[in-house]
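A.B. asks:
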DNA sequence: AAGAATGTCAACCGCAGTCGT
DNA sequence: GACGACTGCGGTTGACATTCT
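Numbering (my numbering), first residue to last: 3 to 255.
Right, here's the structure in full:
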């Protein structure tokens, strides 16, 4: 007996989202915020399950999403983080504001993995494949554990690093929560009222079609302003701490 | 030009964790 | 502690796009 599905799937729409659905979801969230995903589709008038709405918002509609291909620097950072964190995509994604875990996971599976293979690196351990085989051979032939003292020392260091990592991730999560809890709808209306006298409601078509409403660059500017305003409201002390902790982690490595 | 092969990425599924009762 | 409701995560799928033969 498995768990019941998150929603009654009968009569619910599946597959790609239409512009109209996107529009409905965005308008609803901008005006009401997110309190309970399960209620969102009902209240927004969508024939989707809450889970689907959440995914659509997080991966595609959020105003702070960064569009476009990942840079080489970002790619390198993903590789480093993957070596440290493994397939914990959401943790990796938290290091890239505006990028989603899905995006990074897809990028990893379709491109980086391939690149690693071409370079002769193991995609799990990031070691050169030959070296990895040697290590595995060594473990098989000599499974003796280290001395008790050595084991304790290693465990202690690992725990310390884990605590720092957790703390850092908590800070990043808090930042995301704070961004998410701000009333974007209010901000948006204020922003659009100040900048022009056109329709106050956000229209996805407007942002997709330059001929209607404001130009995409103006919309991007507005979104950037929002992101900047969120940033300016935050204390950066926590991020200074992050920097210190990162240095500690580098030393630990 | 056409079909096959391959790549990309949005969306789905099921599980685990958390929280309230 | 047991249970159900809900959210978030990671693995996987499948539709569409692009490249190759």
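Beta carbons: idealized from backbone N, C-alpha and C, even for Gly.
(1) According to DSSP, simplified to helix, strand and coil, what is residue 87?
(2) Between the alpha carbons of residue 102 and residue 18, how many angstroms are there, rounded?
(3) Is DSSP giving residue 130 helix, strand or coil here?
(4) Is the distance from the Cβ of residue 63 to the Cβ of residue 24 below 8 Å?
(5) Specify the secondary structure class of residue 123 as computed by DSSP and reduced to three states.
(6) Please state the DSSP three-state secondary structure of residue 55.
(7) So, for residue 121: in the same chain, excluding its five sequence neighbours on each side, which residues have a beta-carbon less than 7 Å away from its beta-carbon?
(8) Do residue 48 and residue 55 come within 8 Å of each other at the CB atom, strictly closer than that value?
(9) Please say whether residue 61 and residue 104 have beta carbons closer to each other than 8 Å?
(10) For residue 98 versus residue 74, is the C-beta distance shorter than 8 Å?
(11) Nearest-angstrom Cα distance between residue 27 and residue 43?
(12) Rounding to the nearest angstrom, what Cα-Cα distance links residue 85 and residue 108 in this structure?
(13) Keeping to the same chain, check which residues put their C-beta closer than 6 Å to that of residue 67; ignore five residues upstream and five downstream.
(14) Apart from the five residues on each side of it in sequence, which residues of its chain come closer than 7 Å, Cβ to Cβ, to residue 87?
C.D. replies: So, from the data block:
(1) As a first step, residue 87 must be located in the first chain, where it is residue number 85. Note: residue 87 maps to helix in three-state DSSP.
(2) Locating residue 102 in the first chain gives position 100, where the first residue counts as 1. Locating residue 18 in the first chain gives position 16, where the first residue counts as 1. Each residue's Cα considered, the two are about 18 Å apart.
(3) Indexing the first chain from 1 puts residue 130 at position 128. Secondary structure at residue 130: strand, using DSSP grouped into helix, strand and coil.
(4) Stepping through the first chain from its first residue, residue 63 is reached at position 61. Stepping through the first chain from its first residue, residue 24 is reached at position 22. Yes. Within cutoff.
(5) Mapped onto the first chain, residue 123 falls at position 121. Strand at residue 123.
(6) Along the first chain, read from residue 1 onward, the residue named residue 55 stands at position 53. In the three-state scheme derived from DSSP, where H, G and I count as helix and E and B as strand, residue 55 is classed as helix.
(7) As a working mapping, residue 121 is identified with position 119 in the first chain. Excluding residues within five positions, none has a Cβ falling inside 7 Å.
(8) Residue mapping note: residue 55 aligns to position 53 of the first chain, counting from 1. Residue mapping note: residue 48 aligns to position 46 of the first chain, counting from 1. The answer is yes: Cβ separation under 8 Å.
(9) Taking the first chain and counting its residues from 1, one reaches residue 104 at position 102. Taking the first chain and counting its residues from 1, one reaches residue 61 at position 59. Between residue 104 and residue 61, the C-beta gap is smaller than 8 Å, which places the two residues in contact.
(10) The sequence position of residue 98 within the first chain is 96, counting from 1. The sequence position of residue 74 within the first chain is 72, counting from 1. Their beta carbons are not under 8 Å apart, which means residue 98 does not touch residue 74 by this criterion.
(11) Translated into the one-based positions of the first chain, residue 27 becomes position 25. Translated into the one-based positions of the first chain, residue 43 becomes position 41. Residue 27 and residue 43 have their C-alpha atoms some 8 Å from each other.
(12) For the purposes of this step, residue 85 is taken as residue 83 along the first chain, with counting starting at 1. For the purposes of this step, residue 108 is taken as residue 106 along the first chain, with counting starting at 1. Cα to Cα, the separation comes out at about 17 Å.
(13) For the purposes of this step, residue 67 is identified with residue 65 of the first chain, where counting begins at 1. Once the five neighbours on either side are set aside, the close Cβ partners of residue 67 are 100.
(14) Residue 87 sits at position 85 when you count from the first residue of the first chain. Cβ neighbours of residue 87 beyond the five flanking positions: 93, 94.
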